[in-house]
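**Q** So the sequences go chain by chain: F and V. Here the numbering used here is used: the first residue of the first sequence is 1, the next is one more, and so on. Here the numbering used here is used: the first residue of the second sequence is 334, the next is one more, and so on. The beta-carbon is built from N, C-alpha and C at its ideal position, and this holds for glycine as well. Mind looking over this structure? Questions follow.
2 protein chains.
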Amino acid sequence: MSDTAFVDSATIESQLRTARAAIAARSTVVRVVLTACGGSYANMTPVEYFLDTRATTLDARAINAAEFTSRNSSLIDERAVVVLCSHSGTTPETVAAAKHARERGALTIAFTFDPSSPLAEASEYVIAYQHGEGKSEAHVAAPLLLRLAAGIVDAVDGTDIAAAIDGAVEQLPQLAPAVRAAYGEKADAWAFANRREELIYTMASGSNYGPAYAFAICLLQEMQWVHSACIHAGEYFHGPFEVTDVDVPFIALLGLDETRPIEQRAVDFAQKHSDNVLVIDANDFGLERLSADIRGDIAHILFNIALRTYADALADHRGHPLSVRRYMWRMEY
Amino acid sequence: MSDTAFVDSATIESQLRTARAAIAARSTVVRVVLTACGGSYANMTPVEYFLDTRATTLDARAINAAEFTSRNSSLIDERAVVVLCSHSGTTPETVAAAKHARERGALTIAFTFDPSSPLAEASEYVIAYQHGEGKSEAHVAAPLLLRLAAGIVDAVDGTDIAAAIDGAVEQLPQLAPAVRAAYGEKADAWAFANRREELIYTMASGSNYGPAYAFAICLLQEMQWVHSACIHAGEYFHGPFEVTDVDVPFIALLGLDETRPIEQRAVDFAQKHSDNVLVIDANDFGLERLSADIRGDIAHILFNIALRTYADALADHRGHPLSVRRYMWRMEY
């Protein structure tokens, strides 16, 4: 499947409706496992946060797919919904996790760019997402994952959260380009100043840990060969903060969810002791058009957009395209 | 309370029995939350792994204490056991988590060195642990946490795992010094060779992620000001492995639980592309005296011991004692 031949939005909406209906029809659901690897795993952690803070009767867990299958938890059965994601749909660990979960009786729902991929085949339901030139910002992976989660909450708790989330996601085709444009020059200046840094930390908590983690492991480590670690802002003062120094670069996120005070405390300290703390604040994302009680649920999607401008600019100033790899796709491993 | 005046072993055993009995008496328990910060949080992750792989009816979760309280999950009620840990018992986030969980009706059990600390006061049950000169290796935090978890499994599932875990822990006063002695010279050579490294990655999965994470954030970042990240071995191939190079140092753990193949795959790749991969293999811990089916549950305790010899040696060769801090204990934050 080519990079640009994505599934159309109407089909995606139909797939989402079908998956939500399947969950609603299964009255036994008491837990949700969100499992994937790397960047797709990173996309699962805001969904775990959403379920933890919104659902009243669901246990939720985001977990690496290889770890999930190895744990072979007894709790994976007809009472579990297992949500999986792989861009190509070929990630062996995620495909194995889908087969494992389905064999144990769980309801399996796969997100993938390629609806004819092995992951889609292995899973009971599939929701395709768009990527690349011409995509709708409402039909990329992260907002669709969130909408499925909102549907799960409504199905299990009898609430009406999905309508609000769906409505917020409809704003993304306006919000996302505005965020991308707003950070262009700032990202360029930051990237120029940091082009020779060999290590850059990221930091966040709550629903924004995912974007910070993705930036650390996919954009910096994988695509720029820059050392990194994603520090949980709530862990910062219990070890990691001792590496803070005037010349140690941090990218710290300030989100809009219940954990913002945790992030703010870490930012305040880091800014006091390092001269190189980039703070990206979701208050600057133009989310005023959304109702206040769901801004925090949406912010992580826009952090991904804002952070991507920094990655693009860094790649440019380092002369190291984001597409370059030394191991991935180049050898067996 | 002085560093050496710890609670005697008989009292600790009595506290553990009392906590186990309290759990057994509460027939509503369906989930366990393990919450703490930093090194104490690291100690919780092997317990989550143990519960996930051993219990058939319990949802388990390890989570940073600040994040736990902020999420304010509806699931924290009389059906939850919330296990907390803080060495001093004064960690504000962990004390707040105990109060939060107790107010919501959860059964709270605190582990701490100081049984008269705020954390002990805030929690319904307390289990003290030993530390420092003269301690019993069976009565430090990690084995006691594991024994409590085994008691929870037995109480909820009607199994008989605790007896086996208790028996294995009784071997620690023999096993731990042997591991400490076995790694002394190796650690010294490694530390000399790596004394000028500014970044050292750690890597593991499953029940050994905790020791690898603790080494990264407490021993390297906090106590040596050496940059680090703990890479989950299952995530390695989905981003982080691209930073692997001949001169990038890794400490990789090979445990004895179900995730060992995940760790082995990451080790094989790292060793192929870096000349500086230290592998610590739990097969060298002398665990043959334990029955094969519980060696994996105990290994994380001995990883902590083996890794400490590396930290001690690194501190020595760097002339930077593990006790030195620039921020912790020296200022308000």
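1) Got a sec, what are the start and stop residues for the alpha helix (DSSP H) residue 306(F) sits in?
2) For residue 557(V), is the classification buried or exposed, using 16 other Cβ atoms within 10 angstroms of its Cβ as the cut-off for buried?
3) Does any residue of chain F bring its CB to less than 8 angstroms from the CB of residue 532(V)?
4) In its own chain, which residues sit with a C-beta less than 8 angstroms from the C-beta of residue 375(V), not counting the 5 before and 5 after it?
5) Could one say the Cβ of residue 652(V) lies closer than 8 angstroms to chain F's Cβ atoms, at least one of them?
6) Is residue 72(F) buried or exposed, if buried means 16 or more other CB atoms sit within 10 Å of its CB?
7) Taking residue 85(F) as the reference, which of 55(F), 117(F), 104(F) and 105(F) has the closest Cα?
8) Is residue 298(F) near the ligand GTP, with its Cβ less than 7 angstroms from a heavy atom?
9) Taking 8 angstroms as the CB-CB cut-off, is residue 661(V) touching chain F?
10) Taking the C-alpha atoms as reference points, what is the distance between residue 586(V) and residue 593(V)?
11) Hey, how far is the Cα of residue 222(F) from the Cα of residue 381(V)?
12) Can you give the Cα-Cα distance for residue 162(F) and residue 153(F), rounded to whole angstroms?
13) For residue 178(F), count the other beta carbons within 10 Å of its own beta carbon; 16 or more makes it buried, fewer makes it exposed. Which is it?
14) Between the stretch 14-24 of chain F and the stretch 142-156 of chain F, do at least 3 Cβ pairs fall closer than 8 angstroms?
15) Check the C-beta distance from residue 632(V) over to residue 536(V) and give it rounded, since I have them as a contact under 8 angstroms.
16) Give a yes or no on whether the minimum CB-CB distance between residue 426(V) and chain F is below 8 angstroms.
17) Inspect the CB distances between the stretch 608-615 of chain V and the stretch 558-566 of chain V and report whether three or more fall short of 8 angstroms.
18) Within 8 angstroms (strictly less), CB to CB, does residue 215(F) reach chain V?
19) Counting C-beta neighbours from all protein chains within 10 Å, is the total for residue 190(F) 16 or more, i.e. buried, or is it exposed?
20) What does the Cβ neighbour count give for residue 25(F), buried or exposed, with the cut at 16 atoms within 10 Å?
21) Quick one: which chain F residues come within Cβ less than 8 angstroms of residue 374(V)?
22) With DSSP run on the structure shown, which of helix, strand or coil describes residue 6(F)?
23) Measuring only between beta-carbons, confirm whether residue 647(V) sits less than 8 angstroms from chain F.
24) Buried or exposed: residue 192(F), going by 16 or more other Cβ atoms within 10 Å of its Cβ?
25) Taking Cβ-Cβ distances shorter than 9 angstroms, what residues in chain V pair up with residue 75(F)?
26) For residue 250(F), list the residues DSSP reports as bridge partners.
27) Using a Cβ cut-off of 8 angstroms (strictly closer), state whether residue 595(V) contacts chain C.
28) Using a Cβ-Cβ cutoff of less than 6 angstroms, which residues in the same chain neighbour residue 650(V) once the five nearest sequence positions on both sides are dropped?
29) How big is the Cα-Cα spacing for residue 164(F) and residue 109(F)?
30) What are the complete alpha helix (DSSP H) segments, minimum 4 residues, inside the stretch 71-123 of chain F?
31) With 8 angstroms as the limit, tell me which residues of the stretch 418-442 of chain V have their beta carbon closer than that to any beta carbon of chain F; keep them in chain order.
32) Please give me, in chain order, every unbroken run of the beta strand (DSSP E) with length at least 3 that falls completely inside the stretch 209-274 of chain F.
33) What does residue 259(F) reach in chain V if we use C-beta pairs closer than 9 angstroms?
34) Could you work out which residues of chain F lie near residue 666(V), taking near to mean beta carbons separated by less than 7 angstroms?
35) Do residue 307(F) and residue 295(F) have their C-beta atoms within less than 8 angstroms of each other?
36) Can you tell me whether DSSP reads residue 152(F) as helix, strand or coil?
**A** On the basis of the supplied data:
1) 292-318
2) buried
3) yes
4) 543, 544, 546, 547, 550 and 551
5) no
6) exposed
7) 117(F)
8) For the structure depicted, the ligand GTP is absent and the ligand set is empty, with no information on it obtainable.
9) yes
10) 9 angstroms
11) 29 angstroms
12) 8 angstroms
13) exposed
14) yes
15) Contact flag wrong, Cβ pair sits at about 15 angstroms.
16) yes
17) no
18) no
19) buried
20) exposed
21) 235 and 238
22) coil
23) no
24) exposed
25) 385, 388, 389, 390, 391 and 392
26) 201(F) and 277(F)
27) Absence of chain C from the displayed structure is noted, the protein chains being F and V.
28) 524, 525 and 528
29) 22 angstroms
30) 92-103 and 118-122
31) 424 and 426
32) 230-232 and 250-254
33) 399, 400, 403 and 404
34) 237 and 269
35) no
36) helix
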